[in-house]
Structures are given as structure tokens and as C-alpha cells.
Amino acid sequence: KSIELGYSVAEVDAITGPAMGRPSSATYNTADLVGLDTLAHVAQNCLDNLPNDEDRALFEVPAVVKTLIAEKRTGRKAGAGFYKKVGADILALDFATGDYQKAPKPDFPSVKAAKKEEDVPKKIGLLLAADDRAGKFVRACLLRSLAYSANRLGEIADDVRSVDDAMRWGFNWDLGPFELWDALGVGKVIELMQAEGIAIPARAADAAKKGGWYADAGAPAGRPSPLQKAKSSGAILDKTHCTRLVDLGDGVVGFDFFTKMNALDDGVIKGLQKSLDLLEARSDLKGMVISNDATNFSVGANLMLIMMGIMQKNWTQVEAMSKDFQDTFLRMRKLPKPVVAAPYNMTLGGGCEICLGADAIRAHAELYMGLVEVGVGLIPGAGGTLELLKRRLEVVPLRNDITFDRMPYVQDVFMSIGMAKVVTSAFEAKDAGFLRASDGISFNRDNLVADAKADVIHLAATGYAPPRDSDTLILPGRSGAAVLEAGLYAMEVAGQISAHDRHIGKKLARVLTGGDTDGRTAVAEQTILDLEREAFLSLCGEQKTLERIQHMLNTGKPLRN
Numbered sequence: 386k387s388i389e390l391g392y393s394v395a396e397v398d399a400i401t402g403p404a405m406g407r408p409s410s411a412t413y414n415t416a417d418l419v420g421l422d423t424l425a426h427v428a429q430n431c432l433d434n435l436p437n438d439e440d441r442a443l444f445e446v447p448a449v450v451k452t453l454i455a456e457k458r459t460g461r462k463a464g465a466g467f468y469k470k471v472g473a474d475i476l477a478l479d480f481a482t483g484d485y486q487k488a489p490k491p492d493f494p495s496v497k498a499a500k501k502e503e504d505v506p507k508k509i510g511l512l513l514a515a516d517d518r519a520g521k522f523v524r525a526c527l528l529r530s531l532a533y534s535a536n537r538l539g540e541i542a543d544d545v546r547s548v549d550d551a552m553r554w555g556f557n558w559d560l561g562p563f564e565l566w567d568a569l570g571v572g573k574v575i576e577l578m579q580a581e582g583i584a585i586p587a588r589a590a591d592a593a594k595k596g597g598w599y600a601d602a603g604a605p606a607g608r609p610s611p612l613q614k615a616k617s618s619g620a621i622l623d624k625t626h627c628t629r630l631v632d633l634g635d636g637v638v639g640f641d642f643f644t645k646m647n648a649l650d651d652g653v654i655k656g657l658q659k660s661l662d663l664l665e666a667r668s669d670l671k672g673m674v675i676s677n678d679a680t681n682f683s684v685g686a687n688l689m690l691i692m693m694g695i696m697q698k699n700w701t702q703v704e705a706m707s708k709d710f711q712d713t714f715l716r717m718r719k720l721p722k723p724v725v726a727a728p729y730n731m732t733l734g735g736g737c738e739i740c741l742g743a744d745a746i747r748a749h750a751e752l753y754m755g756l757v758e759v760g761v762g763l764i765p766g767a768g769g770t771l772e773l774l775k776r777r778l779e780v781v782p783l784r785n786d787i788t789f790d791r792m793p794y795v796q797d798v799f800m801s802i803g804m805a806k807v808v809t810s811a812f813e814a815k816d817a818g819f820l821r822a823s824d825g826i827s828f829n830r831d832n833l834v835a836d837a838k839a840d841v842i843h844l845a846a847t848g849y850a851p852p853r854d855s856d857t858l859i860l861p862g863r864s865g866a867a868v869l870e871a872g873l874y875a876m877e878v879a880g881q882i883s884a885h886d887r888h889i890g891k892k893l894a895r896v897l898t899g900g901d902t903d904g905r906t907a908v909a910e911q912t913i914l915d916l917e918r919e920a921f922l923s924l925c926g927e928q929k930t931l932e933r934i935q936h937m938l939n940t941g942k943p944l945r946n
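Numbered per my numbering, the sequence shown spans residues 386 to 946.
Listed below in C-alpha cells is the structure:
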């Protein structure tokens with residue numbers, strides 16, 4: 386269709402990726418990833434075995450694909466397909482010549498607008514209504530695929546849920562075709578199809594009369610999570626420019642934040658503070674779930690905000706931000722009502738810390754969690770050192786025996802933070818101490834928020850009380866810090882870390898060993914928080930830290946300087 390309508394490889398992928406609620410690999414990148422030979426085999430199999438399919442001709446392998454396969458340009462595994470990497474450049478196939486060229490980045494106003502919108506139906510609504518080339522392409526292709534999906538009901542699946550699940554799970558779409566159709570409005574989609582000259586599927590009229598594909602009482606429940614349902618039904622209790630507090634029902638509220646990449650900043654913290662105020666004030670509320678519906682739970686704190694404070698040498702602002710994060714997460718933990726965090730996918734830095742500050746965690750099995758601040762020349766600045774340390778020391782066999790050697794547990798935390806270790810599943814997160822043994826794991830992302838809500842209800846029903854300050858923080862003090870510093874020296878001499886890595890490590894060692902403690906009495910939690918904030922602020926004043934932050938913002942990769 387793209388060749389027929391005159392769209393380039395780069396144009397199609399710019400349109401059919403995140404702007405439509407689909408992966409960044411979009412269309413042609415996905416084909417390269419799968420392999421063009423595999424793609425051709427699948428298409429040929431459909432062509433051979435679907436004699437009565439009204440769109441059977443669509444499975445004819447295009448001539449350009451046949452040529453690429455004949456020339457062994459079958460995708461990434463062959464080094465070339467629709468794309469080819471030459472040095473640092475990614476070249477795209479020119480359909481007219483068969484050669485590769487560095488295509489200009491497509492500039493579609495509607496795609497830009499769609500990417501700024503967080504709600505997938507709104508994204509696609511913008512594209513369908515657009516007058517530019519992107520809008521024309523979406524109308525020509527998406528509407529036909531929706532019609533095709535409806536025509537296959539009864540052949541490939543007995544219900545719409547099965548089709549939607551297959552497309553979401555198989556291709557990582559945010560919404561399946563019938564979920565999208567319902568979200569846009571069945572009647573509206575039918576009107577758009579008629580305008581495009583597309584034959585209306587026989588089942589569509591019936592779906593429109595019933596109010597949607599999922600409206601039939603006999604059909605499986607729709608996919609939207611409790612957060613999505615609450616937002617779509619208008620059950621919003623409070624909203625800021627980057628946060629929402631929604632009513633999840635049964636006395637449970639959900640805190641949702643939606644900054645760029647779900648980075649935590651002062652706006653998110655202020656929104657959380659307002660939500661905690663409301664939760665505490667209303668006697669009819671049992672507790673709160675913290676989660677969202679983005680691709681990742683959170684990539685960490687807003688580095689741009691930190692960098693601006695550093696460049697302006699506004700140390701008062703930088704320290705106040707760290708203290709605000711610490712105090713808010715501490716308040717969340719001490720609230721007389723349970724708070725359950727429901728993380729998934731990337732949960733890094735500050736995103737990890739907001740989870741550690743919750744009373745319990747309900748994690749999706751696919752979880753990439755870690756305190757990775759050393760990659761930008763810092764240590765955790767929102768209570769992460771305290772919370773991870775507490776979790777490791779909770780499992781000490783002789784918790785109140787001051788003679789028991791806690792140094793191995795402290796070293797575990799030191800290596801986890803100092804090496805910016807990221808676990809790759811919720812099960813690894815339990816082994817690493819990010820999750821407690823009592824924390825839950827959900828295998829189905831669709832059920833994550835509902836499971837977290839159930840955890841809140843269970844905690845509230847079983848006499849929840851906020852935890853007392855830890856009495857297990859019997860830390861080794863200066864002698865323990867000296868042991869860790871000796872290890873850092875050996876690593877620097879061996880070329881495993883840089884001088885600045887060692888400097889960061891020394892700051893971290895002082896925090897985790899309790900500062901000037903005598904090693905015989907428990908260190909107060911606030912002392913650890915004060916040490917953490919002091920070290921965080923000190924590292925913000927380092928030129929090499931600023932260089933690391935700038936490099937991360939510019940390239941998305943850590944700098945080892």
C-alpha cells in the first residue's frame with residue numbers, strides 16, 4: 386500500500402509507530418527484525434490456504450520483497466533489508482531504485498501532535514482527522530485493517546477479546562483492533578469507512594446498535610485496567626498537569642503520573658502530596674495504588690531539572706528537591722492507610738525509590754528495577770539507600786545481636802547501588818532485596834493494577850498499621866567504610882573503575898555504613914536520610930558529575946569519566 390500511495394520506508398515507520406500506540410520498530414523495522422524470508426513464507430501460506438478471503442490478494446508477496454530476498458537482503462540477520470546500517474548511519478531502501486539512502490526525517494504535523502498525546506484513541510483520532518499525508522495513510526490502511534479484523538470473526542477466533550489479545554501480545558500494540566474500534570466509537574468508524582469506500586463488515590452494524598464490540602453481556606470483559614476505566618468514566622478525584630488521582634472503587638484510589646518517560650519531578654511530588662492529603666482526610670478511603678499505563682513505570686528523576694539547578698549553582702533548590710522527595714516518600718510510608726506500588730518494565734532510579742517507599746509492592750513479572758544514579762555521577766537522593774539497606778538487614782538472622790556481622794549485607798547493598806545493577810525480573814528483584822518476600826508478583830500486566838488494588842483491600846482489612854522506624858540499622862561506621870574504600874582503591878588500580886567512580890563510591894560507603902556511628906547501637910533512619918542528602922548534594926557540585934548528566938541527556942548513554 387505504501388508503494389501504491391507513494392510513501393517512503395521512513396514515512397511509513399514514522400506514522401505507524403508510537404504515534405499510533407505501537408512499538409518504535411513500527412512496520413518496516415519490524416519486518417527486518419522478523420526477516421523478510423519469514424514474512425514471505427507467512428504471506429504465501431495465507432495466500433495458499435485462504436481461497437475465499439475477500440482480501441486474499443493482499444497476501445501476494447510484493448515484487449520489491451521478492452527482489453530483496455533473491456539478493457539475500459532479508460533483514461537485520463543479513464545486514465540489510467528495508468534498512469541498512471552503514472557506519473553510524475541508518476539508511477532506508479528507496480523503492481524506486483532499490484538502493485539505500487539517508488532519508489530526511491519525515492515531518493508530519495499530525496504525527497507530532499499524536500506523539501504529544503498520551504491517550505491512544507486520542508492519538509489515532511488526531512491522525513484520522515488530519516489533512517496531511519500521515520492522515521491520508523492512516524485512513525487508507527488502519528480503517529481497512531479494522532474492517533478485515535471484523536470480517537475474520539468466527540474464522541480465526543470466536544470472540545473479539547482473543548483477536549485483541551493476539552495483536553497486543555504478539556505485536557506489542559497498546560490496543561487491539563476491537564478495543565480501538567470501541568474507543569473511537571463504532572458508529573464513527575463506520576462513517577469513516579464509508580467515506581473511504583470500504584465495505585462495512587456485517588457484524589459492525591450489530592456492534593454499533595449494542596454500543597460497541599465489548600457491549601454484549603456474553604462477550605469477555607474488555608481489557609482496560611482499573612486506572613483506564615476510572616479515567617474514561619470521569620472518576621478523577623484530583624488532577625494536575627502531570628498527575629491524576631482516580632477512584633478505583635471499593636474505597637481504593639489510584640495515583641497516576643504521566644510526565645515524559647514518567648520521570649519524577651517536583652510536579653509529580655506535589656501531585657503525590659495532594660493525593661496523600663486527600664487519602665488521609667477521607668475516612669471512606671482504605672488506601673492507594675501507585676501505577677500508570679505507560680510503556681515503562683518510570684525511568685527515574687528528571688535529570689534536566691537537576692542539571693539546571695547545578696548549572697545555576699542553586700544548591701538550596703537542589704537540596705530542597707532531594708529533601709522534598711525523601712519527606713514525601715517517608716510520609717507515604719507512615720500514613721495510617723496502606724499504599725501499594727505496582728511497577729512494571731523499566732523502574733529505575735527515582736522510579737525505584739517511589740516503590741521502595743510504599744508499604745508493599747505488587748510487581749509485574751517483567752521488571753527492570755535498579756538504583757542506577759551512579760551512572761550520572763550521583764547516589765540515590767530520595768531515600769533509596771535507606772530503604773534498600775533496611776530490606777537487606779531485615780533478613781539478618783540475629784537482628785538485635787550487636788555482635789552479629791552485618792558487613793556482608795551492607796556490602797551487598799553497596800555493590801547493588803555502586804555498580805548500578807538492574808534486575809531483569811520481579812523474581813530477581815526479590816533476591817536482590819528490592820522486593821520483600823511478602824510482595825506480590827503478577828504475570829498478566831492487564832491484571833496488575835487490579836491485583837494491587839486487592840492487596841490494598843487485604844492490608845486494610847487485616848488491621849494495617851504503619852511500620853515503626855527500623856531498629857535493625859546497626860551499622861559498622863568508619864571501620865566498615867574503610868573496608869569498602871579499600872575495595873574501591875583496588876578496583877581503581879585494576880582499571881575497573883575511574884577516579885570519579887571511586888569518589889562516588891566513598892560517598893556511598895559513608896552513607897551505607899552509618900557515618901560516625903560506633904557500630905553498637907542502631908542508627909536512626911533520619912540519620913541515613915541526612916547522610917544520603919549530604920552526599921547527593923556534594924556530588925552535584927562535582928564537574929565530572931555535571932559532565933555525566935549532560936552526556937546522558939544528550940546521548941541516552943552513561944559516561945565513565
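The beta carbon of each residue, even a glycine, is placed where N, CA and C say it ideally should be.
Computed from a prediction, not measured in an experiment: that's the story for all the values here.
Cut-off 6 Å between Cβ atoms - residues of its own chain near residue i, not counting five sequence neighbours on either side
| i | result |
| --- | --- |
| L630 | L622, D623, V638, F640 and S660 |
| I388 | F480 |
| V726 | The identity of residue 726 in the sequence shown is Ala, whereas the question assumes Val. Taken in chain order, the residues that qualify are I675, C740, A743 and I746. |
| C526 | K386 |
| G899 | L860, G862 and V908 |
Residue j beta carbon less than 7 Å from that of residue i
| i | j | result |
| --- | --- | --- |
| G890 | L873 | yes |
| V724 | K838 | no |
| A814 | L733 | no |
| I654 | T713 | yes |
| S393 | A488 | yes |
| L512 | S534 | no |
| C737 | M754 | yes |
| V505 | D549 | no |
| H936 | R830 | no |
| F467 | D422 | no |
| R895 | A866 | yes |
| A593 | G572 | yes |
| G343 | G685 | Given a span of 386 to 946 for the chain in the structure shown, any question on residue 343 remains unanswerable. |
Straight-line gap, residue i to residue j (C-alpha atoms, nearest Å)
| i | j | result |
| --- | --- | --- |
| G607 | E564 | Because G607 carries a pLDDT of 47, less than 50, the predicted location of this residue cannot be relied on, and the following value inherits that uncertainty. Spanning the two alpha carbons is a distance of roughly 7 Å. |
| H888 | G803 | 11 Å |
| L931 | M696 | 8 Å |
| E779 | P851 | 16 Å |
| G768 | R905 | 23 Å |
| G742 | M689 | 23 Å |
| L478 | M792 | 58 Å |
| C740 | V834 | 14 Å |
| S883 | E877 | 6 Å |
| L663 | G672 | 11 Å |
| V450 | N430 | 16 Å |
| L528 | E502 | 21 Å |
| V868 | V798 | 14 Å |
| P943 | F789 | 38 Å |
| A920 | P728 | 27 Å |
| A845 | D854 | 20 Å |
| V446 | N557 | 24 Å |
| D635 | Y849 | 16 Å |
| D940 | A805 | The sequence given here places Thr at residue 940; Asp does not occur at that position. Their Cα atoms are separated by approximately 18 Å. |
Sequence-distant residues of its chain with Cβ nearer than 8 Å to residue i (five each side left out)
| i | result |
| --- | --- |
| L531 | P562, L565, W566, V574 and M578 |
| R918 | E704, S707, K708, Q711 and G766 |
| D678 | S610, L612, Q613 and D641 |
Alpha helix (DSSP H) segment containing residue i, residue limits
| i | result |
| --- | --- |
| Y729 | First-last for Y729: undefined, no H or E at that position. |
| S947 | Residue 947 is absent from the structure shown; the chain starts at 386 and stops at 946. |
| Y753 | From DSSP, Y753 is part of no alpha helix (DSSP H) but of the beta strand (DSSP E) over L752 to G755. |
| G825 | It is not in any alpha helix (DSSP H) - G825 instead sits in the beta strand (DSSP E) that spans G825 to S827. |
| L873 | G862 to V878 |
| K490 | No alpha helix (DSSP H) contains K490, which DSSP labels as neither H nor E. |
Nonlocal neighbours in the same chain, by C-beta distance under 7 Å from residue i, ignoring five residues either side
| i | result |
| --- | --- |
| G825 | R747, D836 and D840 |
| K929 | G762, H885 and N946 |
| K462 | G420 |
| L771 | E910, I913, L914 and E917 |
Enclosing beta strand (DSSP E) for residue i [first to last residue]
| i | result |
| --- | --- |
| R629 | T628 to G634 |
| M673 | G672 to I675 |
| V471 | Y468 to V471 |
| G406 | Taken as a continuous stretch (DSSP letters only), G406 belongs to no beta strand (DSSP E), as it is neither H nor E. |
| F642 | V637 to F642 |
| A748 | A745 to H749 |
| A477 | D474 to L478 |
Cβ-Cβ separation, residue j to residue i (assumed contact under 8 Å), whole Å
| i | j | result |
| --- | --- | --- |
| A514 | A404 | 14 Å between Cβ atoms; not a contact. |
| N687 | L649 | 7 Å |
| M706 | L938 | Not a contact, Cβ separation roughly 17 Å. |
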